[in-house]
Structures are given as C-alpha cells and as structure tokens.
Amino acid sequence: MLLECSKNDFEKYMDFAFELALDLSKSGYPTYRDGIKTKAMFVERLLKAFDREDEQMLLFVYDGSVQGLIHYYWIPDDRYLQTNAFCINEATDQALSEFLSFVGERFKGYDVFLGFPIENQTAVNYLSGRGFECIEDDFNNTAFLDKCNHVPESSGIIKISKENYNYFRILHNQIEGDMYWNSDRIYEDLDNWIILVKILEGKPQGAVYYTDANDGWFEIFGIDTDCEKYDPELFKELLNAAIADTRRRGGRVMTFFCDKEYEETVLGSGFVCVGNYLCYKVHLD
347 MLLECSKNDF EKYMDFAFEL ALDLSKSGYP TYRDGIKTKA MFVERLLKAF
397 DREDEQMLLF VYDGSVQGLI HYYWIPDDRY LQTNAFCINE ATDQALSEFL
447 SFVGERFKGY DVFLGFPIEN QTAVNYLSGR GFECIEDDFN NTAFLDKCNH
497 VPESSGIIKI SKENYNYFRI LHNQIEGDMY WNSDRIYEDL DNWIILVKIL
547 EGKPQGAVYY TDANDGWFEI FGIDTDCEKY DPELFKELLN AAIADTRRRG
597 GRVMTFFCDK EYEETVLGSG FVCVGNYLCY KVHLD
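When we follow our numbering, the leftmost residue of the sequence shown carries the number 347, and every step to the right adds one.
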C-alpha cells in the first residue's frame with residue numbers, strides 16, 4: 347500500500363530510508379554509494395518535496411509495516427516524471443506495481459523514468475519482465491579531481507556561449523534524437539551549462555558538456571563528436587579538457603555515465619567505476 351508521506355513521517359523513517367539508499371540491491375538512482383553524496387545531501391534533497399508543488403513522497407507499507415519510501419517529481423509542460431528516491435526493503439516488485447498504478451491514474455500521457463543499479467535485481471527483473479524499454483545501460487564513473495594530476499593541455503578548445511553556440515548545435519543535432527536536453531533546451535538554459543568544443547580548421551570536431559551539480563561536484567552530460575566511427579583519442583582529449591577546466595574552477599569530483607564502448611577510455615583518463623546504471627522508460631497511456 348502506498349501512503350502520502352508527511353514531513354513527520356519522513357523524519358521518523360529517514361534513517362531507515364538512508365540505510366536502504368546505501369544498499370544497491372534495495373535502492374534506485376541517484377545512488378548514495380558513489381563516494382560523493384552524503385546523508386545530509388539525501389535529507390536536504392528529499393525535504394524539498396514538502397515545499398514544491400511538483401514533487402511528492404510516498405511511504406510503501408507491506409505486510410503491516412513500512413518498507414521504505416518513494417520520492418518523485420514531474421514536469422507538466424514536458425509530461426515527464428522521474429523518481430528521485432526508490433528505497434524499498436522488501437517487495438520492491440510490489441512497490442513498483444503499485445507506484446506505476448498510482449501515477450498512471452494521475453499522470454496520463456506522461457513518460458516515467460525509473461533508474462536502478464544493476465544490483466537491484468528485483469526491480470530490474472520486474473521492469474524488464476514486463477517489456478518496459480531500457481533506454482540507458484551505462485557505467486557510472488567518478489573522477490576525484492585532486493588525484494587527476496598531469497592532465498595534458500588540449501589545443502583548439504573553445505568555450506561555448508550564445509554567440510558561438512552554433513558550433514555545439516552542429517554536433518548535438520546529430521545525436522539528440524528525442525532526448526530531453528536537446529540543442530534548444532540547452533541553449534535556453536546555457537547559464538547552467540559548461541560546453542567545450544574542439545575546433546579544427548574552423549570546424550567543430552567534438553564537444554563535452556557538463557553542469558556544476560553541487561559544491562564542486564561536476565557532472566558530464568555527454569560527449570558528441572563529428573566522427574562516424576568512435577575516435578578514442580578525440581574522446582580522451584575532450585575528457586581531459588573537461589577535467590582541466592573543472593580543476594581550474596576548484597572542482598572536487600566529476601561524474602560521467604557512459605556505455606561500454608567508451609569505458610576503457612574513461613577509466614584511462616582517471617575515472618573509477620562506481621556502478622552500472624539502468625534506466626527504464628514507461629509511458630502512461
């Protein structure tokens with residue numbers, strides 16, 4: 347059974363919920379086992395659910411006892427809904443079933459995005475077993491920037507602004523498909539993005555783009571290149587440019603989710619793998 351979680355409920359169960367958040371087999375993404383996020387960050391983020399009209403927290407009760415909580419938010423204009431915490435001790439499959447029924451009645455026409463570590467096999471088996479689309483299967487990598495020494499300088503790297511944004515748009519338009527952060531949305535939100543582009547003979551060769559997530563923690567959203575075939579040298583050059591830039595900004599850590607093809611290059615650039623992330627998309631008819 348799902349019940350609306352009050353602020354008093356959250357304060358009562360937050361220690362239990364955070365214990366679950368540290369267990370990859372009993373939690374969803376974002377993970378708190380990455381060496382970056384803390385209990386204070388967990389509590390601070392979830393408390394915002396009580397001050398925002400587009401967020402909600404639910405308690406999951408099973409067999410007479412509270413087994414955990416679910417926190418989610420939605421963007422009405424985009425018909426987008428995503429979980430921000432899915433911490434369940436027992437009967438995760440039942441919790442997922444009830445949650446999808448719950449939001450299905452309230453958010454018809456929305457797309458729901460559910461992220462889990464591969465270790466949460468109950469969640470993964472439930473979602474894949476019902477044929478829901480796995481839209482991401484990525485390695486979750488972290489670079490602790492104080493350990494990234496002797497980063498080589500890159501040449502031909504420029505920072506993107508609205509005045510020269512077309513260099514980035516040329517690259518991103520090739521891969522954006524139906525992703526949420528397309529060229530137009532990034533342009534409108536550019537104050538919150540850092541974009542570096544490699545230029546050769548006046549043409550953009552590749553771009554790395556990232557955000558300042560919180561207190562010296564930077565997150566790479568993607569690396570786009572103009573190559574039909576993967577170029578590990580260009581990819582690494584862009585990664586190095588991002589690492590060097592964030593170090594100059596006083597950054598502490600950088601995260602990057604990437605698929606298997608790029609993982610060797612990422613690890614060779616000073617990142618360490620902290621998990622395997624799976625994201626499922628469910629359309630609510």
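Here a beta-carbon is modelled for each residue, glycine too, at the ideal position from N, C-alpha and C.
I need the straight-line Cα distance from residue i to residue j, nearest angstrom please.
i    : j    : result
I566 : G410 : 42 Å
H496 : R379 : 28 Å
L366 : C494 : 32 Å
N430 : K394 : 11 Å
E399 : D558 : 25 Å
L370 : E465 : 6 Å
P422 : F459 : 14 Å
L517 : A553 : 7 Å
D577 : R594 : 26 Å
T377 : Y456 : 24 Å
Q520 : Y375 : 28 Å
F432 : I569 : 29 Å
D535 : G523 : 19 Å
F364 : K358 : 12 Å
F356 : E350 : 10 Å
I382 : V599 : 8 Å
M525 : C604 : 15 Å
A437 : F406 : 9 Å
W563 : M403 : 26 Å
L348 : N435 : 14 Å
C480 : S373 : 17 Å
F617 : E401 : 33 Å
T571 : N622 : 24 Å
F396 : D424 : 22 Å
W420 : E547 : 43 Å
K505 : I541 : 6 Å
Taking CB distances under 7 Å as the criterion, tell me whether residue i reaches chain B.
i    : result
L536 : You won't find chain B in this structure, because it holds only one protein chain.
Starting from residue i, trace the alpha helix (DSSP H) in both directions and tell me its first and last residue.
i    : result
G614 : K606 to G614
P578 : P578 to R594
L473 : Q467 to G475
T438 : T438 to R452
Check for me: the beta strand (DSSP E) holding residue i runs from which residue to which?
i    : result
A431 : Y426 to I434
N560 : K549 to N560
E565 : W563 to T571
What are the partner residues of residue i, as DSSP defines its beta bridges?
i    : result
Y626 : L460 and C480
N354 : Answer is none; N354 lacks a bridge partner.
K544 : I503 and G552
T488 : T601 and V618
L348 : F406
* **Unbroken stretches of the alpha helix (DSSP H), 4 residues or longer, contained in the segment 493-542** => Taking only runs of at least 4 residues, the alpha helix (DSSP H) segments lying wholly in the segment 493-542 are 512-518 and 529-534.
* Kindly provide the ranges of any beta strand (DSSP E) runs that are 3 or more residues long and lie completely inside the segment 383-420, ordered along the chain. => For secondary structure counted as the beta strand (DSSP E) over 3 or more consecutive residues, the segment 383-420 holds these complete runs in sequence order: 401-408.
* **Three or more C-beta pairs below 8 Å linking the segment 596-614 and the segment 477-496** => Note that the segment 596-614 touches the segment 477-496; at least 3 beta-carbon pairs, one per stretch, sit closer than 8 Å.
* Decide if the segment 581-592 is in contact with the segment 451-469; the criterion is three or more beta carbon pairs, one per stretch, under 8 Å apart. => With contact defined as three or more Cβ pairs closer than 8 Å, the segment 581-592 and the segment 451-469 are not in contact.
* Asked: Hey, is the segment 589-608 in contact with the segment 456-472, meaning 3+ C-beta pairs nearer than 8 Å?
  -> Fewer than three beta-carbon pairs drawn from the segment 589-608 and the segment 456-472 are found closer than 8 Å, and the two stretches are therefore not classed as touching.
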